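In case it helps, the UniProt record's numbering puts the sequence shown at residues 1 to 138. By construction, the Cβ of each residue, glycine as well, lies at the ideal position given by its N, Cα and C atoms. Only a predicted model underlies this, so the values are computations on that prediction, with no experimental measurement involved. Notes to accompany the following structure.
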Amino acid sequence: MRIGEVAAAAGLTTRAVRYYEQRGLLTARRATSGHRRYEPADVDWLRSIREMLATGLTIEDVRTLVDAWRVSVEPASGPPPDLTAGSETCPLPRTVIRRRLADLDARIDRLTRLRDTLAERAGEPLRALVRDHPGTRR
């Protein structure tokens, strides 16, 4: 498959496919002409990557999971149904997910505090808000 075909089949842009390849998440084979060539299994990889990113994992998180899977399983067998599942012998996916959950919880706490501050100040005159934030225009 050519890059446009694999991108369309995975629901991505060709730019995203190139980016994932650049970040080491996918390895394209090259035709004698130098064009990238992909196998049907690459579509599954790309869909798995897209799904993991949609859950809030970062590219670095996904790279960690893909690298761990490549070390622990024969790559020719194709991607597992769920790279984030982990196993008794490879707890890394759970570690990555727990770290990401902790990050999300911290962001939620920070945003909740910001929301509470705004809600408290909703009744204050505008000058008081500007005075408390000197970097804003007056």
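- Measuring C-alpha to C-alpha distances from I49 to each of P40, A10, Y38 identifies A10 as the nearest.
- Here R30 is near R37, since their CB atoms are less than 8 Å apart.
- P40 counts as exposed, since fewer than 16 other beta carbons sit within 10 angstroms of its beta carbon.
- A straight-line Cα-Cα distance of about 11 Å links R98 and L57.
- Judged by their CB atoms, A8 and V17 are not nearer to each other than the 8 Å cut-off.
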